[in-house]
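To start, the structure under review is shown below, and the notes come after it.
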Amino acid sequence: MQVFWERTGILGPIYRSMGKGLADAEIASTLNLTDLNVQSCIAWMMRFLKLTNREDLVLYASSGVSPIAAIEHRLRVISSRTSFKSEPPMPLNIQVGDVLLDDRPQIHQALGLESEPFSGSWSRVKTLDRSSLDHQVRAAGWNLFSIPGEVKAIVFGAIKAGKIEDAVTRILKKVQGRNFNCLEVAAIDNKRFLGIRYAIVSAHSLHLQQTRLLDPPKERKQNQTDATWARG
4 MQVFWERTGI LGPIYRSMGK GLADAEIAST LNLTDLNVQS CIAWMMRFLK LTNREDLVLY
64 ASSGVSPIAA IEHRLRVISS RTSFKSEPPM PLNIQVGDVL LDDRPQIHQA LGLESEPFSG
124 SWSRVKTLDR SSLDHQVRAA GWNLFSIPGE VKAIVFGAIK AGKIEDAVTR ILKKVQGRNF
184 NCLEVAAIDN KRFLGIRYAI VSAHSLHLQQ TRLLDPPKER KQNQTDATWA RG
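Quick note: to get this note's numbering, add 3 to the position in the sequence shown (first position is 1).
Here's what the structure looks like:
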């Protein structure tokens, strides 16, 4: 017996609507479905793609990749016991726990940090993970703030260093308007769907400063402007 979405062919329209940023109720109204129908289809897609939350599915859908036709074609011959052989991770230049720092001469001088260029004004702090950096920062009388909320980017195909770096660069562009001066790579989750490899890269902002209270947005923006001017 066919399930609801197999009979109606509604899986694709729901997937594409998610890529446009529509909420469940909006999708139901647009496609003349019940909220329960929409939620059931979304739950099935998440299970099939091995995603843990709706946000990851929205990221996948908004990326422009459309595997739904392949799902509908192949589902009837794919066993629920299908599994993929694990593969050893490839060595990457960017690793989970890496900290990226916006070019601020004052910070480098005060903390004695060693870094290597990464993208634009951002550099990768050498040898220090978040814990070690926090210890060095406190020893110098500075403060390291962890900013709530993760930002994610997806890369498709074989997981190579260049693709992960590109994802992190896209994340930096997403957060640049908040004017925080550090970013920590929080996770690189390798996944596979219908033989297609992809990875979800997650990161969150950090901020280095001398005072104990986090600078307000206006002051952070001015500090960023001053640093940009100093770099010429």
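Here a beta-carbon is modelled for each residue, glycine too, at the ideal position from N, C-alpha and C.
Would DSSP call residue i helix, strand or coil?
i, result
"Val99", "coil"
"Asn2", "The structure shown does not extend to residue 2, since the chain is modelled only from 4 through 235, so no value can be given for it."
"Ile203", "strand"
"Pro92", "Here Pro92 scores only 44 on pLDDT, less than 50, and its place in the model is too uncertain to base an answer on."
"Leu209", "strand"
"Lys221", "helix"
"Trp232", "helix"
"Leu104", "strand"
"Arg215", "coil"
Work out the CA separation of residue j and residue i for me, nearest whole Å.
i, j, result
"Leu52", "Asp218", "41 Å"
"Ser20", "Ser65", "9 Å"
"Val158", "Arg195", "11 Å"
"Phe148", "Gly180", "17 Å"
"Arg145", "Ser134", "For clarity, residue 145 is Trp in the given sequence; the question names Arg instead. Using only the alpha carbons, I get a separation of about 14 Å."
"Tyr63", "Asp192", "13 Å"
"Ile150", "Ser208", "5 Å"
"Gly152", "Leu186", "12 Å"
"Asp38", "Ser205", "30 Å"
What are the boundary residues of the alpha helix (DSSP H) that includes residue i?
i, result
"Arg16", "Residue identity differs from the one stated: residue 16 is Pro in this sequence, not Arg. From DSSP, the alpha helix (DSSP H) with Pro16 extends over 14-22."
"Asp59", "57-65"
"Leu34", "27-34"
"Leu52", "38-52"
Let's test the definition: count the other Cβ atoms within 10 Å of the Cβ of residue i and tell me whether it reaches 16, buried, or not, exposed.
i, result
"Ile199", "exposed"
"Gln212", "buried"
"Leu216", "exposed"
"Ala31", "buried"
Next on the checklist: I'd like the ranges of any beta strand (DSSP E) spanning at least 3 consecutive residues and lying wholly in the segment 112-186.
Outcome noted: 118-122, 125-128, 146-149, 154-159
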